[in-house]
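For reference, the structure discussed in these notes is given below.
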Amino acid sequence: MTQLIKDFTNGLWNENPIFRAVIGICSALAVTTAGQNGIAMGLALTFVLTCSSILVSLLRSIIPPKVRIPCYIIVIATFTTMVDLFMKAYFPPLYQVMGIFIPLIVVNCIVLWRAEGFASKASLARSIADALGMGLGYAWAITLISIVREVLGSGTLFGINVMGQATHWVIMLLPPGAFLVMGILVGIMNMIARKSVKNTHCH
Amino acid sequence: MNQYARMIVVLVIISLVAGAVLAFSYKVTNPKIQEQAQQALQQAVLKVIPGAEKMTAVEKQGMTLYIGMDNQGNKKGIAFKTTGSGFSGPIEIMVGYNPREGKLTGIEILSMSETPGLGARIKEPAFTDQFKDKSVSDEFIPKKDVKVVTGATISPTAVSKAIKSSLAEVTKIYPVGGDF
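Heads up: the sequence lines are chains A and B, in that order.
Each number in the working numbering corresponds to the 1-based position in the first sequence with 397 added.
Each number in the working numbering corresponds to the 1-based position in the second sequence with 3 added.
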């Protein structure tokens, strides 16, 4: 059980895909212009990642090592297309905002990274814990980036005006703003991480 | 089984299962997706024609036009789709037009991929409302008779150009002052 908790929290903090591993940041930079996009994209990725990890873990003894990458890609692409179709059918407003980024989950390196680096070697339970941790780690990271960009760029938080006219820095909504916000947040996370490492050394 | 045969068999099985799952998902979601698209279209048509409660589509000279009517069947106006080339992709616009008065009755941006916070603000009523009651003989030139969005000229220009050029076509079918 402690192993499962460790696998789960690993993605939330220690190996957070966005802030610590800095992987899969293409979508993180592109969709994070409003808070709700961050949440939706995070949940979509968590779903694809968890389903793919389950299948890859179950099939790990069947898939021949030489064709493992094509197999993983087929599994990932199938789940991504399902999310794409169901989102289009049942959440059209959300699909309008981030439609083009959903198919791109196929090539999101986080999914392949966890399939290849973890699920293909670990038990089902551990793979699920790891996928959920990584997915939610990605989700909270990009939601945080989205919130910062939305507040600074359009002065709103989840569509509700919180800053009045004080912040309308359009640059925050453009690609440079994504890099600025992410860079600063990664810096802050590194500072926190360094402090907590120092503390453990003191013991 | 030798390893090559196994590779092929496993890949084929995985692909087949994936294909079947996708075919099934498509079958489940497709009617809903069509319905959503149809609903979105109808909503847009009714929005750009004030007073319209229902619509019928007509094909004329290669164009699809939607005629909006109220519940008694009185024709309230016509709507048509047009596409402009925006800053980062096509902009689809629904335009409402009343031939009797020779005026636009409203526009609605259906889809676009303009820069959020800049060009994307063409979707906001602050921009779209100015086309209401605009005469079809107006020039549709941004910064002249069309107010632009702060920081963006390309997107409003694309919208204005698309409306103006498609109006030229539509007014041939339904001339100003004529009935429809």
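We put the CB at the ideal spot given by N, CA and C, even for glycine.
Who are residue i's beta bridge partners in DSSP?
i: N77 of chain B; result: Bridge partners of N77 of chain B: none, in fact.
i: E111 of chain B; result: B:M97
i: G87 of chain B; result: B:I94
i: S138 of chain B; result: B:K106
i: M10 of chain B; result: Per DSSP, none; premise fails for M10 of chain B.
i: V578 of chain A; result: Its beta-bridge partners do not exist; DSSP assigns none.
i: V149 of chain B; result: B:P145
i: I557 of chain A; result: A:L554
i: A82 of chain B; result: B:Y69 and B:G99
For the beta strand (DSSP E) holding residue i, just list the boundary residues, first then last.
i: P93 of chain B; result: P93 to N101
i: G71 of chain B; result: M66 to M72
i: A60 of chain B; result: K57 to K63
Need the endpoints of the alpha helix (DSSP H) that residue i sits in, please.
i: D527 of chain A; result: L521 to S551
i: K485 of chain A; result: R465 to Y487
i: L121 of chain B; result: Looking at the DSSP string, L121 of chain B is not in any alpha helix (DSSP H), and its letter there is neither H nor E.
i: S169 of chain B; result: I157 to I176
i: K518 of chain A; result: Premise fails: K518 of chain A is in no alpha helix (DSSP H) and is neither H nor E.
i: N434 of chain A; result: G432 to L455
i: A129 of chain B; result: P128 to T131
i: V508 of chain A; result: C506 to R511
i: D404 of chain A; result: T399 to T406
i: L409 of chain A; result: Where L409 of chain A is concerned, there is no enclosing alpha helix (DSSP H), given that its DSSP letter is neither H nor E.
i: S424 of chain A; result: I422 to A427
Anyone know if the C-beta pair for residue i and residue j falls short of 8 Å?
i: K35 of chain B; j: A486 of chain A; result: yes
i: M97 of chain B; j: K106 of chain B; result: no
i: A21 of chain B; j: I466 of chain A; result: no
i: V13 of chain B; j: C468 of chain A; result: yes
i: I436 of chain A; j: T540 of chain A; result: yes
i: S28 of chain B; j: L482 of chain A; result: yes
i: P414 of chain A; j: I507 of chain A; result: yes
i: E56 of chain B; j: N33 of chain B; result: no
i: T430 of chain A; j: L570 of chain A; result: yes
i: W537 of chain A; j: G550 of chain A; result: no
The stretch 79-102 of chain B: positions lying closer than 9 Å to chain A by Cβ: Going along the stretch 79-102 of chain B in chain order, one finds no residue with a Cβ nearer than 9 Å to chain A.
Check whether the stretch 469-485 of chain A and the stretch 436-444 of chain A are in contact - that is, three or more C-beta pairs closer than 8 Å. Counting Cβ pairs under 8 Å, three or more are found: they touch.
Quick check: the stretch 547-562 of chain A against the stretch 489-501 of chain A, are at least 3 beta-carbon pairs closer than 8 Å? With the cut-off at 8 Å, the stretch 489-501 of chain A and the stretch 547-562 of chain A do not touch.
Is there contact here, the stretch 72-90 of chain B with the stretch 133-141 of chain B, by at least three beta-carbon pairs under 8 Å? The stretch 72-90 of chain B, when compared against the stretch 133-141 of chain B, does not touch it at the 8 Å Cβ threshold.
Mind listing which residues of the stretch 476-493 of chain A have their C-beta closer than 8 Å to chain B's C-betas, in chain order? Residues T478, M479, L482, F483, K485, A486, Y487, P489 and Q493.
Any 3 or more C-beta pairs closer than 8 Å across the stretch 401-421 of chain A and the stretch 526-536 of chain A: Yes: the two stretches touch, three or more of their Cβ pairs being nearer than 8 Å.
With 7 Å as the limit, tell me which residues of the stretch 551-580 of chain A have their beta carbon closer than that to any beta carbon of chain B; keep them in chain order. Contact residues of the stretch 551-580 of chain A toward chain B are S551, V567, L570 and L571 (C-beta to C-beta distance below 7 Å).
Using 8 Å as the threshold, is the stretch 148-167 of chain B in touch with the stretch 45-57 of chain B, meaning 3 or more CB pairs across them? When Cβ pairs closer than 8 Å are counted between the two stretches, the stretch 148-167 of chain B is seen not to touch the stretch 45-57 of chain B, the count staying below three.
For the 8 Å Cβ check, are there 3 or more pairs between the stretch 410-423 of chain A and the stretch 577-591 of chain A? At 8 Å Cβ cutoff, the stretches touch.
Three or more beta-carbon pairs under 8 Å between the stretch 506-521 of chain A and the stretch 60-74 of chain B, yes or no? Output reads no: the stretch 60-74 of chain B does not touch the stretch 506-521 of chain A.
Would you call the stretch 448-458 of chain A and the stretch 540-552 of chain A touching, i.e. three or more CB-CB distances under 8 Å? No, they do not touch.
Could you name the residues of the stretch 445-468 of chain A whose beta carbon sits closer than 7 Å to any beta carbon of chain B, in the order they occur along the chain? Result list: I459, I460, P461, K463, V464, P467 and C468.
Contacting positions in the stretch 18-38 of chain B - beta carbon closer than 9 Å to chain A: Contact annotation: in the stretch 18-38 of chain B, residues whose CB is within less than 9 Å of a CB in chain A are S18, V20, A21, G22, V24, L25, S28, Y29, V31, T32, N33, P34, K35, I36 and E38.
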